[in-house]
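Asks: Submitted below is the structure of interest, expressed as structure tokens.
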Amino acid sequence: MPVADRELILNAFTMNTPGHLSAGTWRHPRDQSRRYLDIEWWVELARTLERGRLDAVFLADVLGVYDVYGAGADAALRSAAQIPVNDPVQLLPAMAHATEHLGLAVTASVSFEHPFPFARRMSTLDHLTRGRVGWNIVTSYLNSGALNLGVPGQVAHDRRYDIADEYLEVCYKLWERSWDDDAVVLDAERAVYVEPSRVHPIGHRGEFFTVPGIHLAEPSPQRTPFLFQAGASPRGLRFAARHAEGIFVAAPSTEVLARQVAAANDAVEAAGRAPVPVIQQLTVVVAETDQDARRRFEEYLEVADPVGAQVLISGWTGIDFAALDPDRVLQREESQAIQSTVDAFTATDPTKRWTPREIADYVRVGGDGPVLVGSAATVADGIERIVEQTGVRGFNLAATVVPEAWEQVVDLLVPELQARGRFKRDYAPGTLREKLGSGPRTAAPHPAATVRIDVPTPEDAGRNRA
Ligand SMILES: Cc1cc2nc3c(=O)[nH]c(=O)nc-3n(C[C@H](O)[C@H](O)[C@H](O)COP(=O)(O)O)c2cc1C
218 MPVADRELIL NAFTMNTPGH LSAGTWRHPR DQSRRYLDIE WWVELARTLE RGRLDAVFLA
278 DVLGVYDVYG AGADAALRSA AQIPVNDPVQ LLPAMAHATE HLGLAVTASV SFEHPFPFAR
338 RMSTLDHLTR GRVGWNIVTS YLNSGALNLG VPGQVAHDRR YDIADEYLEV CYKLWERSWD
398 DDAVVLDAER AVYVEPSRVH PIGHRGEFFT VPGIHLAEPS PQRTPFLFQA GASPRGLRFA
458 ARHAEGIFVA APSTEVLARQ VAAANDAVEA AGRAPVPVIQ QLTVVVAETD QDARRRFEEY
518 LEVADPVGAQ VLISGWTGID FAALDPDRVL QREESQAIQS TVDAFTATDP TKRWTPREIA
578 DYVRVGGDGP VLVGSAATVA DGIERIVEQT GVRGFNLAAT VVPEAWEQVV DLLVPELQAR
638 GRFKRDYAPG TLREKLGSGP RTAAPHPAAT VRIDVPTPED AGRNRA
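Note that the sequence shown covers residues 218 to 683 in the working numbering.
Next up, the structure:
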């Protein structure tokens, strides 16, 4: 089926902070994002999203402060540009308990935690959510995060992906190979809970990690959580093509998006895998009429913080916007932060030149992704146009003023897309992977699948002594 005729994947893109992508919207009188500290806030959000049949709530995260702008954290703190920011993982059990089908995707970095405890945390979540967990694999881009872990600074951009490759290899061995499906026997007569011969030490000795032993958690519904990734630089794309089951992009224009989708599709094909959905970041402002939506958008722009926007774009690009001439076209440069964000505003579309002032203005509402404003019909038209022109499979919808932004999506936009046959009316049964149409387990040549059929490690002979 051509991509343009397929049902969209729609996720809600948010973060455990009052200022995710539109810094300053917390000042709007109707905004309730201050309630991010309240577990009820997240439960209500999960229920709203499930009412709208959204595929997943997708929680972004950073472990660091945006201190590139003005070479300090003051501007980030004032504008609540992704700070204060709480741990996203702890929201998942509450949201899972309040819902039955909603996917729960969480961002976690391979740069800050050893894979052994992380793999167990994800297995635990996959059990508690009955197989609805997704992992947005990030390598992190904020130097401030690295420094607080006692290392001299961030590992270089491409090297971070080398580490990530091995991190994933360790996780796959723990999730997919360590425990046989029938390891837990619960044989009361023989007094055997787990059959030891069916649990295998992974014997991993690599360049970055040594993990000789067994996984601590028994096999969870998905084993490997559904994997999202947003690498869009050449090295990042190679990583995404190898591991991702959903590829995220944030392209500021349809032209850039079309190029990114084509590049992602090519990379996945070169990796010998079946096509992987590419999902674009998008902010929508929907109301009963175009005029009402426009009015709301003007209100949001009024409270959006222009300095906060520059704090965010400086963090994403690694370029201090406070030090730039606002009217001199931004030039491409090598970045140790998000290379593809620098490229998106410089090299990817040679027909468009962006000055720092234009970029900062663009980023004010909706961050580095586009904004569609209008009635449900107008926004649905815009979405259909983007899909047809780019081949993108879905959208990570970001919020502005909350919770009204989520309610607009669920009560106005979703019914319009459903009426056009663009969006499902009900969830498919099963795990998140099954709901997204990928079957129960990853398929070869995905490395999580091939690790299952690899020969057992020599350590298996001395089982469980590791
Ligand atoms: C839509 C989107 C969402 C992202 N969310 C996060 C996030 O929550 N946390 C994070 O550390 N990085 C996030 N990133 C950055 C990516 O993880 C990754 O660092 C970046 O896309 C790498 O790009 P590169 O390979 O082009 O340098 C996101 C990127 C995109 C495009």
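C-beta atoms are modelled at their ideal positions from N, C-alpha and C, and glycine is treated no differently.
1. May I ask which residues mark the beginning and end of the beta strand (DSSP E) holding Ser592?
2. Can we count Ser557 as close to ligand 1, meaning its CB is less than 7 Å from some heavy atom?
3. Is there contact between the region 387-397 and the region 420-428, where contact requires at least three CB pairs shorter than 8 Å?
4. How would you label His696, buried or exposed, when you count the other beta carbons within 10 angstroms and need 16 or more for buried?
5. Considering only residues of the region 358-434, which uninterrupted beta strand (DSSP E) runs meet the minimum length of 3 residues and lie entirely inside it, listed in chain order?
6. May I ask you to report which of helix, strand or coil DSSP gives Ile555?
7. Using CA coordinates, which residue listed in Val596, Ala313 and Phe333 is at the minimum distance from Gln508?
8. Quick one: what's got a C-beta closer than 8 Å to Leu541's C-beta in the same chain, skipping five residues either side?
9. Compute every distance between the C-beta of Ser450 and the non-hydrogen atoms of ligand 1, then say whether any falls below 7 Å.
10. So, at 8 Å on beta carbons, what are the nonlocal neighbours of Ala678 in its own chain, with the 5 sequence-adjacent residues on each side left out?
11. Could you check where the alpha helix (DSSP H) with Leu225 kicks off and where it finishes?
12. Starting from Val503, trace the beta strand (DSSP E) in both directions and tell me its first and last residue.
13. What does the alpha-carbon distance come out to for the pair Thr346 and Pro301?
14. In whole angstroms, give me the CA-to-CA distance for Ala539 and Glu435.
15. Within 8 Å, do at least three Cβ pairs link the region 356-372 to the region 459-477?
16. Could you check whether the Cβ of Thr356 sits closer than 7 Å to any heavy atom belonging to ligand 1?
17. If you pair each beta-carbon of the region 482-490 with each one of the region 584-599, do three or more pairs fall below 8 Å?
18. What is the rounded straight-line gap between the Cα of Thr534 and the Cα of Arg581?
19. Can you find at least 3 beta carbon pairs, one from the region 270-277 and one from the region 227-242, that sit closer than 8 Å?
20. Helix, strand or coil: which one does DSSP assign to Val668?
21. Which same chain residues, not among the five before or five after Gly247, have their C-beta less than 7 Å away from its C-beta?
22. For Thr572, which three-state DSSP category applies?
23. Classify His314 as buried or exposed, calling it buried when 16 or more other Cβ atoms lie within 10 Å of its own Cβ.
24. Evaluate Ser328 with the Cβ neighbour count: other Cβ atoms within 10 Å of its Cβ, from every protein chain shown; 16 or more gives buried, anything less gives exposed.
25. Ignore the nearest five residues each way along the sequence and tell me which others in Val478's own chain have a CB closer than 7 Å to its CB.
26. Ligand 1 and Gly453: does the residue's C-beta get closer than 7 Å to at least one heavy atom of that ligand?
27. Looking at Gln477 and ligand 1, is the gap between the Cβ and the nearest heavy atom below 7 Å?
28. Would you say the beta carbon of Ser531 is closer than 7 Å to some non-hydrogen atom of ligand 1?
29. Whose CA, out of Asp379, Ile431 and Ala405, lies closest to the CA of Asp397?
Replies: Here's the rundown:
1. Val588 to Ser592
2. yes
3. yes
4. Residue 696 cannot be examined here, being either before or after the span of the chain that is shown, 218 to 683.
5. 401-404 and 409-411
6. coil
7. Val596
8. Leu547 and Pro573
9. yes
10. Low confidence applies to Ala678: its pLDDT is 46, below 50, so where it sits in the model is not reliable enough to give any reading.
11. Run containing Leu225: none; DSSP gives neither H nor E here.
12. Val495 to Ala504
13. 27 Å
14. 51 Å
15. no
16. yes
17. no
18. 15 Å
19. yes
20. helix
21. Here residue 247 turns out to be Arg, not Gly, going by the sequence shown. Cβ neighbours of Arg247 beyond the five flanking positions: Val618 and Glu621.
22. coil
23. exposed
24. buried
25. Val495, Thr607, Gly608 and Val609
26. yes
27. no
28. no
29. Ile431
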